[in-house]
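Right, one structure below, let's go through it.
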Amino acid sequence: MLEKWSSMSFDPDTISLPIGHFIGGELISNEGGIEMRRPSDGKVYAACPVGGVDIVGRAVESARAALTASNWGGVRPRERTKVLQAWADLIEAEAETLARIEALCSTRPVGQLVAGDIAVTAEQIRFFAEFADKESSDLVPTDDASLGMIVSEPYGVVGAITPWNFPISMAGWKLGPALAAGNAVVLKPSEMTPFSSVYMAQLADRAGLPAGLVNVVLGDGPTTGTALTGHPEIAKVSFTGSTRAGSAIMENVARTGVKPMTLELGGKSPQIVFADADLDKAATAIAGSVIFNAGQACVAGTRLIVERSVADRLTAAILERMKAVRPGPTWEEATHYSPIISERQRARVDGIVRAAVAAGGECLTGGHTIDNPGYFYEPTLIANVDQNNPAIIEEIFGPVLTVQTFETEEEALALSSHPVYGLASGLFTSDLSRTIRFARKLEAGTVWVNRYSRSRDHILPTGGYKRSGIGKDLGREAYLANRRTKSVLISL
Ligand code: NAD
2 MLEKWSSMSF DPDTISLPIG HFIGGELISN EGGIEMRRPS DGKVYAACPV
52 GGVDIVGRAV ESARAALTAS NWGGVRPRER TKVLQAWADL IEAEAETLAR
102 IEALCSTRPV GQLVAGDIAV TAEQIRFFAE FADKESSDLV PTDDASLGMI
152 VSEPYGVVGA ITPWNFPISM AGWKLGPALA AGNAVVLKPS EMTPFSSVYM
202 AQLADRAGLP AGLVNVVLGD GPTTGTALTG HPEIAKVSFT GSTRAGSAIM
252 ENVARTGVKP MTLELGGKSP QIVFADADLD KAATAIAGSV IFNAGQACVA
302 GTRLIVERSV ADRLTAAILE RMKAVRPGPT WEEATHYSPI ISERQRARVD
352 GIVRAAVAAG GECLTGGHTI DNPGYFYEPT LIANVDQNNP AIIEEIFGPV
402 LTVQTFETEE EALALSSHPV YGLASGLFTS DLSRTIRFAR KLEAGTVWVN
452 RYSRSRDHIL PTGGYKRSGI GKDLGREAYL ANRRTKSVLI SL
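In this note's numbering, the protein residues as written are 2 to 493.
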């Protein structure tokens with residue numbers, strides 16, 4: 002359990018950040034780079050180094066050398082479990098420092114980080130650590146004169162790339178299963194929020210992971226990301242981010258060689274509400290999904306599709322919750338409503354809202370930036386939108402919900418389908434048969450019924466249908482995605 006310290010609020014000007022690439026157990030500074038501003042107040046606080054081919058090459062070489070020297074993939078699996086558990090313990094023990102680094106740079110409020118992101122990430126690392134000695138290779142049926150085996154092995158060096166919206170959680174999703182499965186990792190976090198990943202790697206080192214097993218290279222997608230995904234010694238790519246960047250990575254990997262990829266990409270998830278649902282509970286879940294992290298979540302349920310007879314009641318309940326948010330800096334304990342990551346991203350959100358209104362949409366609340374030094378945007382609810390409205394089509398990645406109505410199940414299903422995305426979906430109903438019909442028909446990697454949130458049991462995998470991705474994070478699938486199989490046939 003995480004200890005809560007006396008006050009989680011802190012002065013952002015007093016925090017020192019681990020600025021640099023982390024390679025072979027050492028922080029390597031590489032001056033200059035990308036100007037970084039705090040989302041909560043817009044103040045410049047650092048410059049993110051940009052690693053090129055040389056830095057990425059050093060990191061991959063360090064990972065290779067660490068695998069050879071430590072025999073990480075070949076030690077008793079329980080040894081991997083123990084070291085990874087020690088890392089999870091240290092992440093919890095250092096929650097205060099980790100939370101402060103993250104709250105300073107990102108959109109995650111310090112209180113939510115401690116109770117949510119950090120606690121959950123430590124648990125997920127323990128969850129994956131336990132797989133190390135539980136998954137086995139298979140003996141297969143053969144004739145008496147043969148022995149056939151399907152042998153499971155690690156890949157070697159995994160290249161992982163993460164987005165800015167939940168930097169600690171995303172680093173945990175990638176590092177936990179890859180390391181438990183016996184690989185080394187070169188991680189490139191987002192250039193907007195890289196320092197919590199560097200600190201996590203430093204903690205891995207302190208916990209006893211062999212130096213060089215976890216390396217973090219800093220920089221942007223076109224320079225550092227391209228060098229990483231195209232490196233010939235990277236045996237597998239594990240990416241979370243936009244569908245646009247996922248396509249660019251596929252292209253680069255195709256151009257530079259072939260390698261397996263897990264891609265967790267964008268979403269535009271529907272939340273379908275029938276008149277027989279618990280409307281109060283549905284309103285809390287639906288509003289919460291676009292208020293949480295100001296809608297900057299891949300699975301944010303941004304398209305409300307509600308049975309016409311209860312649309313006014315449900316919309317009123319959601320509006321009430323949206324209007325109650327209190328924005329605040331991420332370094333204050335009481336803050337629940339996050340800023341948008343950057344001025345540019347906020348302008349993008351505002352641009353799509355304006356385009357949605359120009360196309361006939363009606364803002365029932367929100368539609369404006371919040372007058373505050375940070376990059377805040379009002380929770381926004383848009384009605385009168387057809388299937389071609391920009392607010393229905395685009396992944397906005399901000400606190401924007403649309404509302405559409407239906408009368409029949411067929412209409413609800415037709416509205417819920419998106420031409421590009423199929424990441425998650427929500428269904429609110431008390432009818433069991435309908436639940437099963439919809440769970441079968443919804444084209445999404447996740448269906449949540451009468452809730453809109455992940456469970457804290459990490460066994461349920463997450464990943465997209467359609468262009469929301471390839472492969473899964475979390476669950477047994479994520480562990481297996483970091484192993485490859487070899488068929489061995491012995492003539493006796
Ligand atoms: P992004 O795609 O712009 O960037 C993500 C990461 O990819 C960053 O580290 C970036 O530097 C890197 N990158 C960008 N272009 C690259 C390239 N050509 N080659 C290699 N790396 C490259 O995404 P973002 O704006 O940081 O994050 C928001 C997006 O992430 C949203 O689309 C969201 O839905 C998605 N996301 C998906 C999941 C999921 O599980 N499916 C989870 C979180 C976020």
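The C-beta atom is built at its ideal place from N, Cα and C for all residues, glycine as well.
Once DSSP output is grouped into helix, strand and coil, what is the label at residue i?
{"i": "N1", "result": "This structure cannot speak to residue 1, because the chain is shown only from 2 to 493."}
{"i": "L365", "result": "strand"}
{"i": "P233", "result": "coil"}
{"i": "T225", "result": "helix"}
{"i": "D206", "result": "helix"}
{"i": "G149", "result": "strand"}
{"i": "L305", "result": "strand"}
{"i": "M9", "result": "coil"}
{"i": "S239", "result": "strand"}
{"i": "A161", "result": "strand"}
{"i": "Y480", "result": "helix"}
{"i": "L475", "result": "coil"}
{"i": "S492", "result": "strand"}
{"i": "I1", "result": "Missing from the structure shown is residue 1; the chain here goes from 2 to 493 and no further."}
{"i": "D139", "result": "strand"}
{"i": "I16", "result": "coil"}
{"i": "A185", "result": "strand"}
Would residue i and residue j be called neighbours here (beta carbons separated by less than 8 Å)?
{"i": "P374", "j": "T108", "result": "no"}
{"i": "P211", "j": "N184", "result": "no"}
{"i": "T404", "j": "L428", "result": "The sequence given here places Val at residue 404; Thr does not occur at that position. No, the Cβ-Cβ distance between V404 and L428 is not below 8 Å."}
{"i": "R452", "j": "A286", "result": "yes"}
{"i": "V238", "j": "G268", "result": "no"}
{"i": "T39", "j": "L105", "result": "Before going on, a small fix: residue 39 reads as Arg here, not Thr. A contact, by the Cβ cut-off of 8 Å."}
{"i": "G423", "j": "E265", "result": "no"}
{"i": "A440", "j": "A425", "result": "no"}
{"i": "C98", "j": "G173", "result": "Position check: residue 98 holds Thr in this sequence, whereas Cys was assumed. No, the pair does not count as a contact, with Cβ atoms beyond the cut-off."}
{"i": "G302", "j": "S310", "result": "no"}
{"i": "S138", "j": "L493", "result": "no"}
With a 10 Å radius around its C-beta and 16 neighbouring C-beta atoms as the bar for buried, classify residue i as buried or exposed.
{"i": "K135", "result": "exposed"}
{"i": "D6", "result": "Here the sequence assigns Trp to residue 6, which means Asp is not the residue at that position. The residue in question, W6, is exposed, as its Cβ has fewer than 16 Cβ neighbours within 10 Å."}
{"i": "D281", "result": "exposed"}
{"i": "H459", "result": "buried"}
{"i": "L461", "result": "exposed"}
{"i": "V304", "result": "What sits at residue 304 in the sequence shown is Arg, not Val. Buried, since its Cβ has 16 or more Cβ neighbours within 10 Å."}
{"i": "R245", "result": "exposed"}
{"i": "N389", "result": "exposed"}
{"i": "E103", "result": "buried"}
{"i": "D432", "result": "exposed"}
{"i": "A359", "result": "exposed"}
{"i": "K324", "result": "exposed"}
{"i": "P420", "result": "exposed"}
Below 6 Å CB to CB, which residues in the same chain sit around residue i once its five sequence neighbours on both sides are set aside?
{"i": "F398", "result": "Q297"}
{"i": "G149", "result": "V141, T143 and L490"}
{"i": "G368", "result": "V354 and T381"}
{"i": "T241", "result": "T163, P164, M171 and E265"}
{"i": "S41", "result": "P330, T331, P340 and G375"}
{"i": "G25", "result": "S63, A212 and G213"}
{"i": "E396", "result": "G267 and K269"}
{"i": "T263", "result": "S239, G472 and A482"}
Considering only residues of the same chain and omitting the five flanking positions on each side of residue i, which have a CB-CB separation below 7 Å?
{"i": "V84", "result": "A208, G209 and L210"}
{"i": "T82", "result": "A130, E131, A133 and D134"}
{"i": "E36", "result": "V45 and A48"}
{"i": "I393", "result": "R304, V386 and T403"}
{"i": "P261", "result": "K237"}
Whose C-beta lies closer than 8 Å to the C-beta of residue i among residues of the same chain, with five residues either side of it excluded?
{"i": "T224", "result": "V51, G52 and G53"}
{"i": "G43", "result": "E344, P374, G375 and Y376"}
For the ligand FAD, any of its heavy atoms closer than 7 Å to the Cβ of residue i?
{"i": "G112", "result": "The ligand FAD is absent from the structure shown, which contains only the ligand NAD."}
Point to revise | Every unbroken beta strand (DSSP E) within the stretch 388–473, with a cutoff of 3 residues, ordered by chain | key: 401–407, 425–429 and 447–450
Review point. What are the start and end residues of each continuous beta strand (DSSP E) run of 3 or more residues lying completely inside the stretch 245–295, in chain order?
Key: 262–265 and 271–274
Exercise for review: Go through the stretch 35–116 residue by residue and report every complete run of the alpha helix (DSSP H) that reaches 4 residues or more, in order.
Suggested key: 54–71, 78–94 and 96–106
Point to revise | Completely contained beta strand (DSSP E) runs for the stretch 326–390, where each covers 3 or more residues | key: 363–366 and 381–384
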